[in-house]
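This report concerns only the one structure given below.
In structure tokens, the structure reads:
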């Protein structure tokens, strides 16, 4: 089964474009979890159990686990293992390095962590991406245009009139012939998202930046989805994970995920 | 003590521009090490013990540890702990993510791993770099121009006639006013290295790509060093680590490091 088939399968089974970003921050864990063993994993397990019929993917960001050291590594691996078989896991690590090193990252992401896909920084070019394309059942999501203010520093610079992020999107389409590629595009600007979807009509687009970062659901659903209203992975982290800081955090996360799923579905169905 | 003071101190004490890249690959470990506990750490420990009076820095690349899973994490932390106090450690992880996530990577690199510096991918712009600049005794080395063929895909594109890697070098000079920045520039093209050194006369430049990747020592020493023949960190990994695959690997690594140090010193002293 290809990554796209797995993603489509989960999105259809759960009728959802929502991806929950498992960015667990020890400082924000509910108090009652903090005292036991492996609180980060127990938190994630409860979030997954409460949302697994509502999402199309999960996306742990490696930084949050790396910042916890060896315990973080273990929490990450246990978390990925806990995700139900049919739901893809995207490891958000924005890796990018020369060929023999990129091959090690592919082994880390796909082998040790057990992710179905990984985010890759395209700045070092094709041979830094190629090792992630070698597995037909995985996917490399190239960082194209991010939702932060710094996206203006390089991503929006123009090369012969064409913004760099668009060049990245064009490269992803070309490289997708070598192995499965996707794109990461921030949720903050409708016209940019529309432009990238136009360049890459058949690639999955991972969209961070809704929720805490302020991106708008209507934009995301209308401009990000493909012609069938699919292939969009809308990531929310903080607004779901920390919907409540109390013992009811998992139920609160479920309610917030349900709300996002319903809103996205309304807009994507209107929009198609 | 700032990172630059620490780097200069080690470089002067050991009269060396050589950085040994601790990119340990389980498949290439000498056989006699493979059977005991934590072979990656024992390998690194022997390499460090054999070269610590010959180098200006050590640079473990995170990919090699991540590919070993939890054991790799432990080997990395133990390795960094084993580096003598006065020698800086650059964690090569080419991280880059939005602000709150970058802050987690800074905590990982500087806190959990205990590195003095970290390599950062600049594609996401200033706020993705800023958290790494918050510590005056650390340093963020921005990936500017890499030594792989893929560097042509984005890094060499021209914005109003100026190649993107030069824009990154200019940004590093500007951002260095906010906190310590360095640059990563591949060893493969003399003129590029000269150009970047011209743009950033006072920044440390980390130069991978000599040894197994074929960069030339004379170019590196003459074009990379600052006006005093310093602030250049010339990384070699495979040609030192695997100079011998036998029980004499550490002595062979020492001999190769000595040779590189002598060559670089001859060229930089000629060149100044």
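Chains as they are written, first to last, in my numbering: chain A, 76 to 347; chain B, 76 to 347. Just so it is clear, CB atoms sit at the ideal spot from N, CA and C, and this is done for glycine as well.
Verify whether the separation of the beta carbon atoms of residue i and residue j is less than 8 Å.
{"i": "residue 327 of chain B", "j": "residue 122 of chain B", "result": "no"}
{"i": "residue 308 of chain B", "j": "residue 282 of chain B", "result": "yes"}
{"i": "residue 216 of chain B", "j": "residue 258 of chain B", "result": "yes"}
{"i": "residue 223 of chain B", "j": "residue 198 of chain A", "result": "no"}
{"i": "residue 186 of chain B", "j": "residue 156 of chain B", "result": "no"}
{"i": "residue 171 of chain A", "j": "residue 203 of chain A", "result": "yes"}
{"i": "residue 271 of chain B", "j": "residue 285 of chain B", "result": "no"}
{"i": "residue 143 of chain A", "j": "residue 115 of chain A", "result": "yes"}
{"i": "residue 91 of chain B", "j": "residue 329 of chain B", "result": "no"}
{"i": "residue 140 of chain A", "j": "residue 138 of chain B", "result": "no"}
{"i": "residue 184 of chain A", "j": "residue 168 of chain A", "result": "yes"}
{"i": "residue 296 of chain A", "j": "residue 334 of chain A", "result": "no"}
{"i": "residue 201 of chain A", "j": "residue 228 of chain B", "result": "yes"}
{"i": "residue 305 of chain B", "j": "residue 86 of chain B", "result": "yes"}
{"i": "residue 277 of chain A", "j": "residue 301 of chain A", "result": "yes"}
{"i": "residue 163 of chain A", "j": "residue 292 of chain A", "result": "no"}
Please state the DSSP three-state secondary structure of residue i.
{"i": "residue 347 of chain A", "result": "Any reading at residue 347 of chain A must be qualified, since the residue scores a pLDDT of 46, below 50, and its modelled position is unreliable; the value itself is stated next. In the structure shown, residue 347 of chain A sits in coil (DSSP, three-state: anything other than H, G, I, E or B)."}
{"i": "residue 94 of chain B", "result": "strand"}
{"i": "residue 349 of chain B", "result": "Since the first residue of chain B shown is 76 and the last is 347, residue 349 of chain B is not available in this structure."}
{"i": "residue 99 of chain B", "result": "coil"}
{"i": "residue 83 of chain B", "result": "helix"}
{"i": "residue 310 of chain B", "result": "strand"}
{"i": "residue 210 of chain B", "result": "coil"}
{"i": "residue 173 of chain B", "result": "coil"}
{"i": "residue 190 of chain B", "result": "coil"}
{"i": "residue 236 of chain B", "result": "coil"}
{"i": "residue 229 of chain B", "result": "coil"}
{"i": "residue 129 of chain B", "result": "coil"}
{"i": "residue 254 of chain B", "result": "coil"}
{"i": "residue 330 of chain A", "result": "helix"}
{"i": "residue 338 of chain B", "result": "helix"}
Considering only C-alpha positions, which residue in the set the options is nearest to residue i?
{"i": "residue 331 of chain A", "options": "A:298, A:310, A:147 and A:158", "result": "A:310"}
{"i": "residue 240 of chain B", "options": "B:250, B:252 and B:268", "result": "B:268"}
{"i": "residue 97 of chain B", "options": "B:166, B:79, B:83 and B:219", "result": "B:166"}
{"i": "residue 213 of chain B", "options": "B:262, B:316 and B:279", "result": "B:279"}
{"i": "residue 245 of chain A", "options": "A:263, A:171 and A:220", "result": "A:220"}
{"i": "residue 134 of chain A", "options": "A:84, A:95, A:177 and A:160", "result": "A:95"}
{"i": "residue 128 of chain B", "options": "B:140, B:84, B:228 and B:342", "result": "B:84"}
{"i": "residue 161 of chain A", "options": "A:263, A:177, A:182 and A:191", "result": "A:191"}
{"i": "residue 319 of chain A", "options": "A:82, A:104, A:79 and A:231", "result": "A:104"}
{"i": "residue 338 of chain B", "options": "B:316, B:294, B:313 and B:321", "result": "B:294"}
{"i": "residue 225 of chain A", "options": "B:276, B:262, B:177 and B:264", "result": "B:177"}
{"i": "residue 80 of chain B", "options": "B:126, B:132, B:124 and B:106", "result": "B:132"}
{"i": "residue 175 of chain B", "options": "A:340, A:312 and A:341", "result": "A:312"}
{"i": "residue 303 of chain B", "options": "B:231, B:218, B:340 and B:193", "result": "B:340"}
{"i": "residue 136 of chain A", "options": "A:93, A:173, A:194 and A:109", "result": "A:194"}
Residue i lies in the alpha helix (DSSP H); which residues open and close that run?
{"i": "residue 240 of chain B", "result": "239-250"}
{"i": "residue 144 of chain A", "result": "144-157"}
{"i": "residue 215 of chain A", "result": "From DSSP, residue 215 of chain A is part of no alpha helix (DSSP H) but of the beta strand (DSSP E) over 214-220."}
{"i": "residue 263 of chain A", "result": "Residue 263 of chain A -> no alpha helix (DSSP H), and no H or E assigned at all."}
{"i": "residue 108 of chain B", "result": "106-109"}
{"i": "residue 123 of chain A", "result": "114-126"}
{"i": "residue 348 of chain A", "result": "Lying before the first or after the last residue shown, residue 348 of chain A is absent from chain A, which here runs from 76 to 347."}
Going by DSSP, what residue range makes up the beta strand (DSSP E) through residue i?
{"i": "residue 167 of chain A", "result": "165-170"}
{"i": "residue 77 of chain A", "result": "No beta strand (DSSP E) contains residue 77 of chain A, which DSSP labels as neither H nor E."}
{"i": "residue 281 of chain A", "result": "280-282"}
Using 8 Å for Cβ pairs, my map puts residue i next to residue j. What's the rounded Cβ distance?
{"i": "residue 205 of chain A", "j": "residue 253 of chain A", "result": "7 Å"}
{"i": "residue 255 of chain A", "j": "residue 77 of chain A", "result": "7 Å"}
{"i": "residue 234 of chain A", "j": "residue 158 of chain B", "result": "Not a contact, Cβ separation roughly 41 Å."}
{"i": "residue 118 of chain B", "j": "residue 99 of chain B", "result": "6 Å"}
{"i": "residue 298 of chain A", "j": "residue 265 of chain A", "result": "5 Å"}
{"i": "residue 148 of chain B", "j": "residue 145 of chain A", "result": "5 Å"}
Under 7 Å: does the beta carbon of residue i sit that close to some heavy atom of the ligand ZN?
{"i": "residue 140 of chain A", "result": "The ligand ZN is not among the ligands present in this structure, which contains no ligands whatsoever."}
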